[in-house]
Amino acid sequence: MRIYIHWPFCVSRCSYCDFNSRVASRRTRHAYMRALLRELEAWACMLNGEDRWLDSIYLGGGTPSVLSGSELSSLLEEVGSRFYLHDSTEVTAEVNPATWDRGDYAAARAGGVNRISIGVQSLSDRQLSLLGRAHDAAAARMAMRHALGCGAASVSVDLLYGLPGMDAETLLECLNEVLAMGVHHLSMYALTLAGSTRLAHAVASGEITLPDEEEVAEQYLAASGMLRARGYEHYEISNFSLPGHHGRHNLAYWEREEYLGIGAGAHSLLGKYRFHNLESILAYARALAKGELAVAACEVLAEKEELAEEIMLGLRTSRGIELAGLVSKDSELYEMEKEGFMARDGGRVRLTERGMLVSNALIVRLMPA
Ligand code: SF4
Numbered sequence: 070m071r072i073y074i075h076w077p078f079c080v081s082r083c084s085y086c087d088f089n090s091r092v093a094s095r096r097t098r099h100a101y102m103r104a105l106l107r108e109l110e111a112w113a114c115m116l117n118g119e120d121r122w123l124d125s126i127y128l129g130g131g132t133p134s135v136l137s138g139s140e141l142s143s144l145l146e147e148v149g150s151r152f153y154l155h156d157s158t159e160v161t162a163e164v165n166p167a168t169w170d171r172g173d174y175a176a177a178r179a180g181g182v183n184r185i186s187i188g189v190q191s192l193s194d195r196q197l198s199l200l201g202r203a204h205d206a207a208a209a210r211m212a213m214r215h216a217l218g219c220g221a222a223s224v225s226v227d228l229l230y231g232l233p234g235m236d237a238e239t240l241l242e243c244l245n246e247v248l249a250m251g252v253h254h255l256s257m258y259a260l261t262l263a264g265s266t267r268l269a270h271a272v273a274s275g276e277i278t279l280p281d282e283e284e285v286a287e288q289y290l291a292a293s294g295m296l297r298a299r300g301y302e303h304y305e306i307s308n309f310s311l312p313g314h315h316g317r318h319n320l321a322y323w324e325r326e327e328y329l330g331i332g333a334g335a336h337s338l339l340g341k342y343r344f345h346n347l348e349s350i351l352a353y354a355r356a357l358a359k360g361e362l363a364v365a366a367c368e369v370l371a372e373k374e375e376l377a378e379e380i381m382l383g384l385r386t387s388r389g390i391e392l393a394g395l396v397s398k399d400s401e402l403y404e405m406e407k408e409g410f411m412a413r414d415g416g417r418v419r420l421t422e423r424g425m426l427v428s429n430a431l432i433v434r435l436m437p438a
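Take the position in the sequence shown, starting the count at 1, then add 69; the result is the number in this note's numbering.
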């Protein structure tokens with residue numbers, strides 16, 4: 070089993086973000102922590118012994134590093150008192166460079182965190198300020214040094230491309246600097262304009278201009294080329310790792326393994342059941358305080374929906390999916406291969422680098438009727 074724990078609080082709100090996160094008082098955070106522990110306890114009672122062995126724990130958000138390193142370790146201790154961990158259990162914590170000092174990294178490491186994922190996003194102060202990030206480039210560099218120095222087995226960095234004023238050359242400069250530090254894993258995400266964020270308004274009003282689609286595609290291919298040339302495997306559309314440093318927790322999502330999401334808005338997959346918790350932090354905490362699970366909706370997946378998920382998620386990875394799952398789509402596949410978007414390896418099919426660029430449009434064409 071794998072557990073995702075959602076910590077929905079941040080030090081401040083970034084201009085591009087529409088995630089389920091907010092800035093909150095210490096009191097609200099404490100109440101939320103009590104609810105998390107109640108939910109963990111409830112699931113530990115409901116799952117049988119074997120399902121309580123954890124292959125991975127992922128502390129995401131929001132910003133889990135709003136908790137100090139020792140608070141985060143105490144939370145892991147609570148998980149460990151209800152579930153069982155192997156020596157090889159992957160324990161990831163997302164860290165915002167604005168939060169932890171060296172002591173926090175050491176405390177988190179001592180508490181069992183063995184994989185750290187840092188939201189660097191950019192090493193340009195101008196871009197970080199446009200993004201409304203709570204840190205500058207110097208803090209991001211310091212965070213990478215502390216994470217690499219604390220003894221975590223894997224350090225991952227998130228970077229954004231397609232930023233205002235960015236071109237392939239400036240992106241590669243930033244990437245080059247991050248790689249020179251020796252990080253093991255990179256997640257590269259295109260900046261997307263979501264709903265009513267501050268950045269979306271600034272772009273709509275013409276205050277800020279974003280690079281066009283062609284430029285963004287060029288940045289993605291340039292980054293992916295540099296990473297592969299430096300020995301990073303492109304194992305998922307947005308993810309690259311040195312050998313042996315794949316994010317096992319996220320890979321399990323794409324391979325449709327079971328996982329349990331704990332926290333407001335967290336999603337789970339158990340057997341044929343896909344369900345998610347209430348988004349509202351208050352409603353989530355109230356439900357748990359009343360002794361109820363805070364499930365907002367649950368669907369039982371039919372065979373066709375499972376197949377659709379296998380295609381949608383599996384094609385994100387470099388392993389791709391078994392050809393057998395696409396028997397009725399042979400002519401579409403043939404077209405995509407001819408266009409250079411797909412490749413067949415033995416009994417499997419996967420997206421090429423070019424295909425990964427336009428993955429959504431391709432995957433839609435392969436969905437079961
Ligand atoms: S730190 Fe992450 S979750 Fe929090 S506001 Fe910024 S982008 Fe959103």
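Glycine is no exception: its CB is placed at the ideal position from the N, C-alpha and C atoms.
Residue closest to leucine 311, alpha-carbon to alpha-carbon, out of Tyr322, Trp323, Leu296, Leu320: Leu296
Can we count tyrosine 85 as close to the ligand SF4, meaning its CB is less than 8 Å from some heavy atom? yes
Residue closest to arginine 385, alpha-carbon to alpha-carbon, out of Val418, Glu361, Glu374, Tyr403: If we check each option's Cα against that of arginine 385, Val418 comes out closest.
Taking contact to mean 3 or more Cβ pairs, one atom from each stretch, closer than 8 Å, check whether the stretch 152 to 172 and the stretch 125 to 137 are in contact. yes
With a threshold of 8 Å (Cβ to nearest heavy atom), would leucine 335 be considered close to the ligand SF4? It is worth fixing the name first, because residue 335 is alanine in this sequence and not leucine. Alanine 335 Cβ: outside cutoff for every heavy atom of the ligand SF4.
Compare the Cα-Cα distances from glutamate 374 to each of Glu361, Ala366, Gly394, Gly360 and report the closest residue. Among Glu361, Ala366, Gly394, Gly360, the Cα nearest to that of glutamate 374 belongs to Gly394.
Terminal residues of the alpha helix (DSSP H) in which leucine 225 lies: Looking at the sequence itself, residue 225 is serine, so the reference to leucine does not match. Not the alpha helix (DSSP H): serine 225 falls in the beta strand (DSSP E), residues 223 to 230.
State buried or exposed for lysine 407, treating a residue as buried only when at least 16 other CB atoms are found within 10 Å of its CB. exposed
DSSP state of valine 80, grouped into three classes? coil
Beta-carbon gap between valine 135 and phenylalanine 78 smaller than 9 Å: yes
May I ask you to verify whether the stretch 224 to 233 touches the stretch 241 to 254, counting CB pairs closer than 8 Å and requiring at least 3? yes
Give, in chain order, every unbroken run of the alpha helix (DSSP H) that is at least 4 residues long and sits entirely within the stretch 354 to 418. 372 to 383, 399 to 407
Where threonine 97 falls: helix, strand or coil (DSSP): In the structure shown, threonine 97 sits in a helix (DSSP, three-state: H, G or I).
Once DSSP output is grouped into helix, strand and coil, what is the label at alanine 298? Helix.
Taking buried to mean at least 16 other C-beta atoms within 10 Å of its own C-beta, is lysine 359 buried or exposed? exposed
Is it a yes or a no for the stretch 229 to 237 touching the stretch 259 to 270, going by three-plus beta-carbon pairs under 8 Å? yes
Would a C-beta distance cut-off of 9 Å place aspartate 173 and glycine 218 closer than the cut-off? It is not a contact, given that the beta carbons lie outside the stated cut-off.
Closest by CA to arginine 343, which one among Leu320, Leu351, Ala371? Ala371
Inspect the beta-carbon positions of leucine 123 and threonine 161 and report whether they are closer than 9 Å. Contact flag unset, no.
Please list the terminal residues of the continuous beta strand (DSSP E) segment that includes methionine 257. 254 to 259
Assuming serine 428 contacts isoleucine 306 (C-beta within less than 8 Å), just tell me the rounded distance between them. 6 Å
Buried or exposed: where does methionine 405 fall if 16 or more other Cβ atoms within 10 Å of its Cβ makes it buried? buried
In this structure, what does DSSP give as the bridge partners for isoleucine 126? Ile72, Val160
As a quick exercise: from Val396, Ala430, Arg434, Phe410, pick the residue whose alpha carbon is nearest that of glycine 416. Val396
For leucine 426, which of Val285, Arg325, Arg96 has the nearest alpha-carbon? Val285
Note down the Cα distance separating tyrosine 452 from histidine 270, rounded to an integer number of angstroms. As shown, the chain starts at 70 and ends at 438. That puts residue 452 outside it, with no answer to give.
Relative to the C-alpha of arginine 71, which candidate in Asp120, Met115, Leu197, Leu199 has its C-alpha closest? Asp120
May I ask you to report which of helix, strand or coil DSSP gives arginine 343? strand
Do serine 186 and histidine 75 have their CB atoms nearer than 9 Å? no
Sequence-distant residues of its chain with Cβ nearer than 8 Å to methionine 102 (five each side left out): Sequence-distant Cβ neighbours of methionine 102 in its own chain, meaning closer than 8 Å and more than five residues away, are Leu144.
Thinking C-beta only, is alanine 333 closer than 9 Å to alanine 363? yes
Supposed contact pair arginine 96 and glycine 201 - C-beta distance, whole angstroms, cut 8 Å: At roughly 25 Å, the Cβ-Cβ gap does not stay under 8 Å, so glycine 201 and arginine 96 are not in contact.
Return the first residue and the last residue of the alpha helix (DSSP H) that valine 272 is part of. 267 to 273
Going by DSSP, what residue range makes up the beta strand (DSSP E) through asparagine 308? 308 to 310
Applying the criterion that 16 or more other CB atoms from any shown protein chain within 10 Å of the CB defines a buried residue, is valine 92 buried or exposed? exposed
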